[in-house]
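In my numbering, the protein residues as written are 463 to 817.
Taking it in order: structure first as C-alpha cells, then the write-up.
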C-alpha cells in the first residue's frame, strides 16, 4: 500500500471502530461507513460486558481442535492488554479499575468438574469454586484473569477518538454495497457516491456475509440472535461484583455502575427464556427486581469455524474483520491491531484467513 493509504471500513461497531483506531495510529487515512444513525447499534449495543479469553471456544458446533482455540485465546490475550491500555487513554478509569474475574455456574457438581478438567487441559487459568452467595449457591468456576466493562461506553468513546485523530465516520449511509470496479478492485457504493479505496474492510458483523455475497465471496458467518434485559440496581440486594455466566443457557448477569444486565441465550425468539432461566437460578433475587428498563436483541456474527475471519480476500483491496461471535468485546482491540499489521506491514496470520 501507499505510505498513507485511504482505508474505508464498513461497520461502526466494536470491530470496525477498533480497526479504524489501529489504522489511524499507523498513519492511514480512514473513513468508517455505518448504515445506522449512530455508532454501536449492532451486536455491540447491549453486550454482556465480559472480556473473557477463558471462553475462546466454538459455540456454533463441535468443539474445535486445540490449535483453533489456542489461536483465538492468543488473540484474546493480546486484545485484553490493548483494551486496558485504550481504556486508560480514553479516560475510562472506572472501567479500567473494575473488579477482575468472571464466574461460570453449573447445575451440577459433575458438570463443573468436567468443565474444570477440560479448561485445565487447554491451559486456561481457572479455579474450582464451591457454592456461595456470589454464585447463587451453584457450583462454579472462577476465571481470575478475565475482565469486564461497558462495551457501548467504550465504543462511543472510541468513536470520538477516531474523529479526533482525523478519521471520518459517515452515519446513516444509504444502502451501502460493494461492486467490482473494471480494474478488478472492490468499489463501495453509497447512494449516488462511489469510492474505490486502497483498502475496503468489511466489519459489519452479522451483515458481512450478505455484503460480500454481492461480489461472489462466500463468508461462512451466520447471524445468531441474542437478548439483553437491563434493570435498575436493586436497593439492599447483594449483587455479584463480577459477571456470572450460566453455562447451560450461554447467558450472564453483569453489574454495571448504574444498572444490572441479563444477556445472552442462543437463537431464541424472545427474551422470555432468558428471564425464565434466571428466575430458576435465582428466584428470590429476580423477584426483587423491577420490570426491565430496556429489552434488546441483536444478531451475533457467528463463524462456523469457531474463529473470526481477519485478512485479505481474493480481491486485492477487499479485507474482512468479522465472525467474532460471542467474543467481539474480548477480541475487538486485538483484531483491529492484527488487521492493521496485515494491511500496513504485510504481516500474515493464516490462523484467521478466509479460505
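Ideal Cβ positions, reconstructed from N, Cα and C, are used throughout, including at glycine.
Proximity below 8 Å, CB of residue i to CB of residue j
| i | j | result |
| --- | --- | --- |
| residue 791 | residue 613 | yes |
| residue 700 | residue 683 | no |
| residue 564 | residue 605 | yes |
| residue 718 | residue 511 | yes |
| residue 601 | residue 593 | yes |
| residue 644 | residue 687 | no |
| residue 723 | residue 690 | yes |
| residue 470 | residue 624 | no |
Distance, residue j Cα to residue i Cα
| i | j | result |
| --- | --- | --- |
| residue 655 | residue 662 | 15 Å |
| residue 760 | residue 770 | 18 Å |
| residue 562 | residue 538 | 16 Å |
| residue 468 | residue 763 | 26 Å |
| residue 531 | residue 585 | 11 Å |
| residue 535 | residue 814 | 12 Å |
| residue 802 | residue 520 | 25 Å |
| residue 548 | residue 483 | 10 Å |
| residue 647 | residue 810 | 21 Å |
| residue 798 | residue 485 | 8 Å |
| residue 573 | residue 707 | 14 Å |
| residue 608 | residue 716 | 13 Å |
Status (buried if at least 16 other CB within 10 Å, exposed otherwise) for residue i
| i | result |
| --- | --- |
| residue 776 | exposed |
| residue 571 | exposed |
| residue 595 | exposed |
| residue 480 | buried |
| residue 500 | exposed |
| residue 566 | buried |
| residue 528 | exposed |
| residue 496 | buried |
| residue 638 | buried |
Nearest-angstrom beta carbon gap, residue j and residue i [assumed within contact, 8 Å]
| i | j | result |
| --- | --- | --- |
| residue 475 | residue 505 | 7 Å |
| residue 617 | residue 502 | 4 Å |
| residue 713 | residue 739 | 6 Å |
| residue 488 | residue 806 | 4 Å |
| residue 636 | residue 653 | 4 Å |
Residue-level contact to chain D via CB, residue i, 8 Å cutoff
| i | result |
| --- | --- |
| residue 756 | The structure shown contains no chain D; it is built from a single protein chain. |
Entirely enclosed alpha helix (DSSP H) segments - the stretch 720-777, minimum 4 residues: 734-743, 745-749
In chain order, each alpha helix (DSSP H) run of at least 4 residues that lies wholly inside the stretch 503-582: 528-551, 555-558
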